[in-house]
Every structure is written in structure tokens, then in C-alpha cells.
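Okay, so here's the structure we're looking at.
Residue numbers (the UniProt record's numbering): 1 to 55.
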């Protein structure tokens with residue numbers, strides 16, 4: 001079975017035997033996170049990401 005969702009503005013009818021789907025294999029990433037209770041000091045200091053030092 002294939003779920004079909006018409007994202008167009010006009011309706012249409014699928015007739016028996018018509019092609020209406022493509023098979024695409026994509027990788028699924030299983031992310032693993034390391035939960036920390038505090039962060040280590042970095043070269044950026046208190047300014048953080050993108051901080052230029054000027055205001």
C-alpha cells in the first residue's frame with residue numbers, strides 16, 4: 001500500500017494500472033547524544049558563538 005496526498009490545486013483520478021509512486025531508499029540516522037551537566041571553558045569565552053567583542 002502507498003499513501004497518496006495530492007498537493008496540487010486541482011483534483012485528479014487514478015485509474016487502475018496507472019503508475020503513481022516511486023520507490024526511494026534513504027538512510028535513517030540514529031543520533032546518540034552525550035548528556036552533560038556543565039560545559040567546559042572554550043576559546044570563545046563568555047561571548048559565545050558569533051561574538052565579535054564589539055557592541
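Here a beta-carbon is modelled for each residue, glycine too, at the ideal position from N, C-alpha and C.
At a Cβ-Cβ threshold of 8 Å, residue 36 and residue 21 do not count as neighbours. Taking 4 residues as the shortest admissible run, the stretch 2-41 contains no complete alpha helix (DSSP H) segment at all.
Straight across, the Cα-Cα distance linking residue 42 with residue 32 is about 23 Å. Exclusion of the five residues before and after residue 18 leaves no residue of its chain whose Cβ lies closer than 7 Å to its Cβ.
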